[in-house]
Amino acid sequence: MKLRTFLATATAAATLMALGLPAAQAQSNYKSEYRMSLVLGTAFPWGKGGEIWANKVKEKTQGRINIKLYPGVSLIQGDQTREFSALRQGVIDMAIGSTINWSPQVKQLNLFSLPFLMPDYAAIDALTQGPVGKSLFATLDKAGVVPLAWGENGYREISNSKHAIKTPADLKGLKIRVVGSPLFLDTFTALGANPTQMSWADAQPAMASGAVDGQENPLSIFTAAKLQNVSQKYLTLWGYIADPLVFVVNKEVWNSWTPADREAVRQAAIEAGQEQIALARKGVVEPDKPLLKQIEGLGVTVTQLTPAEREQFVQATRPVFNKWKGQIGADLVNQAEKSIAARKQ
Ligand code: X2X
Numbered sequence: 040m041k042l043r044t045f046l047a048t049a050t051a052a053a054t055l056m057a058l059g060l061p062a063a064q065a066q067s068n069y070k071s072e073y074r075m076s077l078v079l080g081t082a083f084p085w086g087k088g089g090e091i092w093a094n095k096v097k098e099k100t101q102g103r104i105n106i107k108l109y110p111g112v113s114l115i116q117g118d119q120t121r122e123f124s125a126l127r128q129g130v131i132d133m134a135i136g137s138t139i140n141w142s143p144q145v146k147q148l149n150l151f152s153l154p155f156l157m158p159d160y161a162a163i164d165a166l167t168q169g170p171v172g173k174s175l176f177a178t179l180d181k182a183g184v185v186p187l188a189w190g191e192n193g194y195r196e197i198s199n200s201k202h203a204i205k206t207p208a209d210l211k212g213l214k215i216r217v218v219g220s221p222l223f224l225d226t227f228t229a230l231g232a233n234p235t236q237m238s239w240a241d242a243q244p245a246m247a248s249g250a251v252d253g254q255e256n257p258l259s260i261f262t263a264a265k266l267q268n269v270s271q272k273y274l275t276l277w278g279y280i281a282d283p284l285v286f287v288v289n290k291e292v293w294n295s296w297t298p299a300d301r302e303a304v305r306q307a308a309i310e311a312g313q314e315q316i317a318l319a320r321k322g323v324v325e326p327d328k329p330l331l332k333q334i335e336g337l338g339v340t341v342t343q344l345t346p347a348e349r350e351q352f353v354q355a356t357r358p359v360f361n362k363w364k365g366q367i368g369a370d371l372v373n374q375a376e377k378s379i380a381a382r383k384q
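In the working numbering, the protein residues as written are 40 to 384.
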């Protein structure tokens with residue numbers, strides 16, 4: 040907000056308060072609609088989370104804050120790696136964004152993309168719900184947005200059109216679509232693959248045409264986007280990284296709301312985040328993992344690695360981990376490893 044606008048707003052609010060007018064009448068500066076950016080729509084847990092957040096905000100603010108969803112990152116022409124800058128600039132009012140997509144601007148968020156840092160869901164929770172999560176929220180706040188809650192995209196499993204992947208040698212020469220930060224290029228290069236960076240919007244036609252052989256994404260995306268129909272016939276569960284989602288609001292927008300409405304939006308984000316995480320994990324945390332059966336039922340070969348097989352991928356990517364530890368911040372990575380070691384299983 041410009042200083043003059045701010046002073047005018049503050050004066051108006053003070054006057055209204057002095058006159059004893061109800062808060063509802065102090066909101067003439069509210070927009071009729073707030074724009075929420077998302078990569079994926081309501082067919083996916085990600086977009087469902089957006090819908091849940093928007094509905095809760097509407098209810099908790101008695102309709103004062105009205106949110107419209109813009110899936111497909113349509114406010115930025117589908118270029119998901121520009122979402123964070125657009126948020127900061129006010130092109131986007133609020134978003135639920137993946138740590139991967141914001142990593143080019145906020146290098147600390149690369150933490151979650153460090154290969155094989157997080158062995159299980161408890162490890163993700165130990166990071167987002169502990170000192171690491173706090174520290175990252177402080178970083179995001181400093182970078183110019185208001186972070187409110189964590190959500191989850193999920194563990195990113197690798198698929199391709201050629202053959203089952205059991206060892207790093209199986210990745211050799213495969214063209215793998217990746218998104219976001221250069222860390223992904225390093226990881227897949229270290230594994231002998233041929234990574235190529237492109238947006239999610241471009242990835243699906245590229246798989247369909249055979250311009251790329253494979254991709255990595257959570258299973259909920261695999262099924263909802265029907266990746267078996269774009270030649271993804273082989274799927275390996277390696278759990279190498281997972282991307283959390285972050286619920287955020289543009290700072291000027293946030294400051295334009297009354298304290299009570301800010302609290303309502305924050306509470307709505309926290310509740311929606313919890314519900315969204317449950318949706319993201321549905322089908323993969325139950326003992327019989329029904330989502331895997333569903334995917335096998337689509338004619339996809341699902342490969343589960345033995346601990347020894349998985350270890351080969353860990354070793355092959357260790358130099359990348361070490362290189363990026365320095366770029367992300369050794370203190371943050373050390374804290375993350377400490378939190379994970381102390382996690383409740
Ligand atoms: O582009 C992807 O792979 C996706 C949808 O998972 C993200 O936005 C990080």
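No residue lacks a Cβ here, since even glycine has one placed at the ideal position from N, Cα and C.
As the structure is a computational prediction, the values presented were derived from the model and not from experiment.
Item to complete: Compute the Euclidean distance between the alpha carbons of Thr178 and Val145, then round it to the nearest angstrom.
Response: 8 Å
Worksheet item: Quick one: what's got a C-beta closer than 7 Å to Ala375's C-beta in the same chain, skipping five residues either side?
Response: Leu150, Leu156, Leu166, Val171
Item to complete: Under 8 Å by Cβ, that's how I've got Tyr279 and Pro84 pegged, so tell me the actual separation to the nearest angstrom.
Response: In fact, because the Cβ distance is near 20 Å, the residues do not count as touching under 8 Å.
Item to complete: Starting from the C-beta of Thr228, find all residues in its chain whose C-beta is less than 7 Å away, skip the five residues before and the five after it, and write them out in chain order.
Response: Pro234
Practice prompt. Return the chain-ordered list of same chain residues with a C-beta closer than 8 Å to the C-beta of Ile316, the five sequence neighbours on each side being excluded.
Written response: Trp189, Gly190, Glu191
Discussion item. Does the distance between the C-beta of Ile139 and the nearest non-hydrogen atom of the ligand X2X fall short of 6 Å?
Written reply: yes
Worksheet entry | Opening and closing residue of the alpha helix (DSSP H) in which Asp225 lies | 221–229
Fill in: Three-state class that DSSP yields for Glu310 in the structure shown
helix
Discussion item. Three or more C-beta pairs under 8 Å: does that hold for the segment 114–129 against the segment 328–335?
Written reply: no
Worksheet entry | Enclosing beta strand (DSSP E) for Gln236 [first to last residue] | 233–236
Worksheet item: Over what stretch of residues does the beta strand (DSSP E) that includes Pro186 continue unbroken?
Response: 184–194
Discussion item. Quick check: the segment 220–227 against the segment 84–100, are at least 3 beta-carbon pairs closer than 8 Å?
Written reply: no
Fill in: Residues near Leu213 in its chain [Cβ-Cβ closer than 7 Å; skip 5 each side]
Asn199, Lys201, Ala232, Asn233, Asp252, Gly253
Worksheet item: Could you give the uninterrupted runs of the beta strand (DSSP E) lying entirely in the segment 228–309, keeping only those of 3 residues or more?
Response: 233–236, 253–256, 273–276, 281–289
Worksheet item: For the ligand X2X, is there a heavy atom less than 6 Å away from the beta-carbon of Val78?
Response: yes
Fill in: For Thr387, three-class secondary structure by DSSP
Residue 387 cannot be examined here, being either before or after the span of the chain that is shown, 40 to 384.
Discussion item. Measuring only the C-alpha atoms, how far is Ala250 from Ile104?
Written reply: 43 Å
Worksheet item: For Lys70, which of helix, strand or coil comes out of DSSP?
Response: coil
Item to complete: Starting from Ala134, follow the alpha helix (DSSP H) in both directions and report where the run begins and ends.
Response: Run containing Ala134: none in the alpha helix (DSSP H); it sits in the beta strand (DSSP E), 133–137.
Worksheet item: So what does Ser76 bridge to, in DSSP terms?
Response: Tyr109, Ala134
Item to complete: Provide the residue(s) that pair with Ile215 in DSSP beta bridges, ordered along the chain.
Response: Pro234, Gly253
Fill in: Euclidean distance between Cα positions of Ala182 and Gly312
22 Å
Practice prompt. Using 6 Å as the cut-off, classify the Cβ of Asn256 as near or not near the heavy atoms of the ligand X2X, replying yes or no.
Written response: yes
Worksheet entry | Nearest neighbour of Ala380, chosen from Ala161, Leu108, Asn361 [CA to CA] | Ala161
Worksheet item: How about Ala269 and Ala247: are their beta carbons less than 7 Å apart?
Response: Looking at the sequence itself, residue 269 is Val, so the reference to Ala does not match. Closer than 7 Å, so yes.
Item to complete: Tell whether a beta-carbon distance below 7 Å holds between Ala388 and Thr342.
Response: In the structure displayed, the chain extends from 40 to 384; residue 388 sits before or after that span and is not available.
Practice prompt. Please report the Cβ distance between Gly80 and Pro110, rounded to the nearest whole angstrom; I am assuming they are in contact, meaning their Cβ atoms lie under 8 Å.
Written response: 4 Å
Worksheet item: For the alpha helix (DSSP H) that contains Asp180, what are its first and last residues?
Response: 170–181
Discussion item. Tell me which residues share the same chain as Ile215 and place their Cβ nearer than 8 Å to its Cβ, disregarding the 5 neighbours each side in the sequence.
Written reply: Ile197, Asn199, Phe227, Ala232, Asn233, Pro234, Thr235, Val251, Asp252, Gly253, Gln254, Glu255
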